[in-house]
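Chains as they are written, first to last, in numbering that gives the first Met the number 0: chain V, 0 to 293; chain W, 0 to 233.
Don't be surprised by glycine CBs; every beta carbon is placed ideally from N, CA and C.
Data block below; observations after.
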Amino acid sequence: MSRINRPRINAGDTIDATDLNNRFDDYSQAGALDVANHGIGSVDLPQIQSNGVITLNSDSELIGTGSWTHSTPQNIACMAASPPTLTEIGGAGNGRLSLSGLAGWTMGPGEVLRVYWNFGAEPNVTGRPYAAPEYGALAIDNGSGGSTDLNDCLACWVAHLQWNITDPTLATGWAAVPGQNDFQSGPTSITQLAASSVIPAYLEYSPEGHANDGVMSSAPTQKDLKWMGVTGHYFYSPSSGSVTIYGLRVVISGIYHAGFSASVNQLLDFTALGGTCSLDVSQGRLSALHQRIA
Amino acid sequence: MAYTKPNTFADGTALTAADVQGNTDALRVYLHEGVSGADLLAGQFVDRRHVQQPGFNSITGVQHGVSGHQGGQWSGGSTVRVTFSTSALTGRRYTGAQRWEQVPGTAFQVDIRGAATVLFHWFVEVEAGPDDGSRGPGTDERYVWFAPYIGNTGFTRANSGQEVVNNYNGWENGTTNAYGADQPYTYLGYGAHNGVYLDTTTGPARYTVGLGTLSYIERVSVLNWGVAIETTYD
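Below, the structure is given as structure tokens:
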């Protein structure tokens, strides 16, 4: 039976200080509260493990320029030297999600930040981008004692998530979220891509589509990569302390190429381009959710 | 830690709204996040009358409890349910008009009992074309889009959608060698895409969310797909 069963105060009733104190003191007796004191909403079904999930905050924002139909997209140039420039989707200020109107979300242990984003992207390549160092070059037998260079086409752009936990105006202080590298210090281990979307940058293939003993006698043919949907997501839960997050944004950089060094799979900066290379980006959406997992 | 009211009232002393509100605010904080195990009754905690009967819709795979809805469906299960998109219904290349249409089998309609946050998850893996028909945009500029809609396709959230390009390449047609795709067919033609759409409701609603499509490609097979919904009451 519910411990707090004091009848309600009706209009016209006369009360004194004791009545008012009693209503608050009802909650001060340890070891006696039961579910009726909190409402049935505090007891959940087994659909979600633990005791339940409470959504504390949510925000969503259009990001990018142009529209979903690919009109007037944002064009992002590839890096010509390391470190790469990180370009905000939509240009400065157009790809940001301010949380609770810049008041920010303060998170602590037992709470989770869930972030989802999407946009469209179209890689543009003029000429064959691969020059020395030719990351990914494959020597294919040309059938006449020599070889033909066919690339593994593991070149890519990367969109990754940044947050702002220092500047409520979002003017400065952007940084990669925990678990995500910012690509500013050389090869990036793929274990540091917790908040990344990888976008293919280039594709070429052997024009000899038929099986011919694995021989490739002709130069590769370049394949235009067209618009493709891109999505990403990220989850974060503080292990201790608290953090106030004022904003989120997605930045893009590239191109990179998959590599391997000293037992580490990584992304290498790809700067020695033989052609030109850029990425068109259309409009999308960035959404975030702040939940408490009881 | 048990609740302790910050303000104690005394007869003969002016009662201020701020003091009452202060106690209420502190109580709200306590009830939301301050209740500890030591505060709770050690005996029977939940009476049967406190438990709301959950609901489960076996068709959509969604269950409903006091915290909200959760569940979904996919193309697998007891039967494989391939669905589709086509320019004949949506892109209408012959008229120039465009219209979003529902992707069959991918919608939910749920009763939301109060203000809630809604997350709609979806994924599709599609075989887009090949389509080299004579009408419409160039064969390498034909796309199929998938995006969530709320209520009906007039409220499609296209900015939360994803596109897949037509598999616009032909097949090797030599006569002396084995036939096959002359370009990387699956790289462009198989599009595996997904998305998450976040929405909120301000009160009770009969809420419909599903996957819409707009195609400029004649035939698009949605080979694998899945949709899921999670709502949490505010």
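- [ ] Note down, in chain order, all residues in the region 215-248 of chain V with a beta-carbon under 9 Å from any beta-carbon belonging to chain W.
- [x] 220, 222, 223, 224, 225, 226, 227, 228, 229, 230 and 232
Open item on the list: Give me the chain V residues within the contact set of residue 194 of chain W, using Cβ-Cβ distance strictly less than 8 Å, ordered along the chain.
Closed with: 115, 117, 228 and 230
TODO: Give me the Cα-Cα distance between residue 131 of chain W and residue 165 of chain W, rounded to the nearest whole angstrom.
DONE: 9 Å
Task: Alpha carbon of residue 287 of chain V to alpha carbon of residue 192 of chain W, nearest angstrom - done: 20 Å
TODO: For the beta strand (DSSP E) holding residue 282 of chain V, just list the boundary residues, first then last.
DONE: Where residue 282 of chain V is concerned, there is no enclosing beta strand (DSSP E), given that its DSSP letter is neither H nor E.
TODO: With residue 10 of chain V as the anchor, note down where its beta strand (DSSP E) starts and where it stops.
DONE: No beta strand (DSSP E) holds residue 10 of chain V; DSSP gives it neither H nor E.
Open item on the list: Closer than 8 Å is the cut-off here; do at least three beta carbon pairs connect the region 260-274 of chain V with the region 78-90 of chain V?
Closed with: yes
Open item on the list: Across the region 58-68 of chain V and the region 158-171 of chain V, are there enough close Cβ pairs to call them in contact, namely three or more that are closer than 8 Å?
Closed with: no
- [ ] Mind checking which residues open and close the beta strand (DSSP E) that includes residue 230 of chain V?
- [x] 227-235
Task: Close beta carbons around residue 82 of chain W, own chain, < 6 Å, minus the five adjacent residues each side - done: 102, 103, 104 and 221
Task: Inter-residue Cα distance where the pair is residue 36 of chain W and residue 23 of chain V - done: 19 Å
Task: Min CB distance residue 20 of chain V to chain W below 7 Å - done: yes
Task: 7 Å Cβ cutoff met for residue 99 of chain W and residue 15 of chain W - done: no
Open item on the list: Restricting to Cα atoms, I'd like to know which of V:116, V:142 and V:138 is closest to residue 214 of chain V.
Closed with: V:142
Open item on the list: I want to know whether the region 242-251 of chain V touches the region 92-105 of chain V - three or more CB-CB distances under 8 Å.
Closed with: yes
Open item on the list: Less than 7 Å between the C-beta atoms of residue 216 of chain W and residue 113 of chain W, yes or no?
Closed with: no
Open item on the list: Contact criterion: CB-CB distance below 7 Å. Does residue 159 of chain W meet it with respect to chain V?
Closed with: yes
Task: Assigned exposure category for residue 32 of chain V - 16 Cβ within 10 Å defines buried - done: buried
Open item on the list: Can you pull the chain W neighbours of residue 32 of chain V, defined as C-beta to C-beta under 7 Å?
Closed with: 34, 38, 39 and 40
Open item on the list: Output needed for residue 153 of chain V: all residues of its chain with C-beta closer than 8 Å, excluding positions within five of it in sequence on either side, in chain order.
Closed with: 134, 135, 256 and 257
Open item on the list: Looking at chain W, is there any beta carbon in it that lies within less than 7 Å of the beta carbon of residue 52 of chain V?
Closed with: yes
Task: Residues near residue 224 of chain W by beta carbon distance below 6 Å, same chain, minus five either side - done: 74 and 123
TODO: Using beta-carbon positions only, say whether residue 162 of chain W and residue 119 of chain V come within less than 7 Å of one another.
DONE: yes
Task: Inside the region 45-105 of chain V only - beta strand (DSSP E) runs reaching at least 3 residues - done: 52-62, 73-76 and 95-97
Task: Cβ shell of residue 101 of chain V (< 8 Å), same chain only, five flanking positions each side left out - done: 167, 168, 169, 245 and 246
Open item on the list: Here's the rule I'm using: 16 or more other beta-carbon atoms within 10 Å means buried, otherwise exposed. How should residue 150 of chain V be labelled?
Closed with: buried
TODO: Report yes or no: is there a C-beta of chain V within less than 7 Å of the C-beta of residue 114 of chain W?
DONE: no
TODO: Can you check DSSP and say which residues form a bridge with residue 176 of chain V?
DONE: DSSP output for residue 176 of chain V lists no bridge partner at all.
Task: Segment limits, alpha helix (DSSP H) that includes residue 23 of chain V - done: 16-24
Task: Nonlocal neighbours in the same chain, by C-beta distance under 6 Å from residue 108 of chain W, ignoring five residues either side - done: 207
Open item on the list: When you compare the CB of residue 8 of chain V with every CB in chain W, is at least one pair closer than 7 Å?
Closed with: no
Open item on the list: So the candidates are W:203, W:10, W:233 and W:226; which of them puts its Cα closest to the Cα of residue 121 of chain W?
Closed with: W:226
Open item on the list: Do residue 156 of chain V and residue 254 of chain V count as a contact pair if the criterion is CB distance below 7 Å?
Closed with: yes
Open item on the list: For the pair the region 12-28 of chain V and the region 17-27 of chain W, tell me if three or more CB-CB distances fall below 8 Å.
Closed with: yes
- [ ] Keeping to the same chain, check which residues put their C-beta closer than 6 Å to that of residue 143 of chain W; ignore five residues upstream and five downstream.
- [x] 84, 127, 163, 214, 216 and 219
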